[in-house]
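Shown next, in structure tokens, is the structure this report addresses.
2 protein chains.
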Amino acid sequence: MNANLVKDLPEARPEEWLDTLIDAENVTVERIVSHGHTSPATGWYDQPRHEWVTVLTGRGTVAFEDGEEVTLGPGDHLTIPAHRRHRVAWTAPGEPTVWLAVHYD
Amino acid sequence: MNANLVKDLPEARPEEWLDTLIDAENVTVERIVSHGHTSPATGWYDQPRHEWVTVLTGRGTVAFEDGEEVTLGPGDHLTIPAHRRHRVAWTAPGEPTVWLAVHYD
Numbered sequence: 001m002n003a004n005l006v007k008d009l010p011e012a013r014p015e016e017w018l019d020t021l022i023d024a025e026n027v028t029v030e031r032i033v034s035h036g037h038t039s040p041a042t043g044w045y046d047q048p049r050h051e052w053v054t055v056l057t058g059r060g061t062v063a064f065e066d067g068e069e070v071t072l073g074p075g076d077h078l079t080i081p082a083h084r085r086h087r088v089a090w091t092a093p094g095e096p097t098v099w100l101a102v103h104y105d
Numbered sequence: 106m107n108a109n110l111v112k113d114l115p116e117a118r119p120e121e122w123l124d125t126l127i128d129a130e131n132v133t134v135e136r137i138v139s140h141g142h143t144s145p146a147t148g149w150y151d152q153p154r155h156e157w158v159t160v161l162t163g164r165g166t167v168a169f170e171d172g173e174e175v176t177l178g179p180g181d182h183l184t185i186p187a188h189r190r191h192r193v194a195w196t197a198p199g200e201p202t203v204w205l206a207v208h209y210d
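So the protein sequences, as listed, match chains A and B.
Heads up: the first sequence at position 64 corresponds to 64 in my numbering, and the numbers run straight through without jumps.
Remember, my numbering sits 105 above the position in the second sequence when you count from 1.
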């Protein structure tokens, strides 16, 4: 990845792109680039750490197992507590969606 | 602060605006809104933790004590190792500059 989070984005491929920006003992920061991707329909993320997420460009929907859905556009942000089961239900088709995620204890 | 990092920004005031988004044991995430602010000319930040910083909107220059200067625009990001002395030498006048900073061990 180059030194900019939103320029010269990688092209669409079957999987999302994930780059690790910080990999420290207690915190991981990732950039995820989606091109219309969603989580596998059969699975929920159940993460041991809290996750704070924002969208830098594009648009995406996080769905929770309890039925809540939150759609995030540029600058919107959301904290997902550890073990709150969730998935990415939708990302904007035809344009890249860039997520920034901070995983922490 | 509302739920969006870059909309409905606070107005200019003599000091920068600082909002803490995550305040966990090992990581702090902050949003800083500058309106042409710079660090006090006499002081360097000398921080005990590493800092990863990106600019969401606007433009700003981080200067290091060793003479290096890095200007960041939207999506540019930079890691400042702990105790690397630095200051904000410039932010764009006439528009808000929104920084996102992750402090970690």
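Backbone N, C-alpha and C fix where the C-beta goes; we use that ideal spot for every residue, glycine too.
* What do you reckon, are the CB atoms on P93 (chain A) and G58 (chain A) nearer than 7 Å? -> Locating residue 93 (chain A) in the first sequence gives position 93, where the first residue counts as 1. Locating residue 58 (chain A) in the first sequence gives position 58, where the first residue counts as 1. It is not a contact, given that the beta carbons lie outside the stated cut-off.
* Asked: Nearest to H50 (chain A) by alpha carbon, out of A:H37, A:T61 and A:P81?
  -> Numbered from 1 along the first sequence, position 50 holds the residue referred to as residue 50 (chain A). The shortest Cα separation from H50 (chain A) among A:H37, A:T61 and A:P81 belongs to A:P81.
* **Under 8 Å by beta carbon: chain A residues contacting H182 (chain B)** => Indexing the second sequence from 1 puts residue 182 (chain B) at position 77. Neighbours of H182 (chain B) on chain A, chain order: A3, N4, L5 and L21.
* **Rounded distance between the beta-carbons of R87 (chain A) and S39 (chain A), thought under 8 Å** => Your numbering for residue 39 (chain A) matches position 39 in the first sequence. Your numbering for residue 87 (chain A) matches position 87 in the first sequence. The C-beta distance from S39 (chain A) to R87 (chain A) rounds to 4 Å, short enough to meet the 8 Å contact threshold.
* Name, please, each residue of chain A whose Cβ falls closer than 7 Å to the Cβ of L161 (chain B). => Along the second sequence, one-based indexing puts residue 161 (chain B) at 56. Going along chain A in sequence order, the residues near L161 (chain B) (Cβ under 7 Å) are G75.
* **For A3 (chain A), the first and last residue of its enclosing beta strand (DSSP E)** => As a first step, residue 3 (chain A) is located in the first sequence; it is residue number 3 there, counting from the start. A3 (chain A) -> no beta strand (DSSP E), and no H or E assigned at all.
* Would you report the Cα separation of G106 (chain A) and T184 (chain B), rounded to the nearest angstrom? -> Since the first residue of chain A shown is 1 and the last is 105, residue 106 (chain A) is not available in this structure.
* Is the CB-CB distance between V27 (chain A) and Y209 (chain B) below 7 Å? -> The residue labelled residue 27 (chain A) in the question sits at position 27 within the first sequence. The residue labelled residue 209 (chain B) in the question sits at position 104 within the second sequence. Yes, Cβ-Cβ distance for V27 (chain A) and Y209 (chain B) is below 7 Å.
* To do: Name, in chain order, the residues that DSSP records as bridge partners for A206 (chain B).
  => Within the second sequence, the letter at position 101 stands for residue 206 (chain B). DSSP output for A206 (chain B) lists B:E135 and B:V158 as bridge partner(s).
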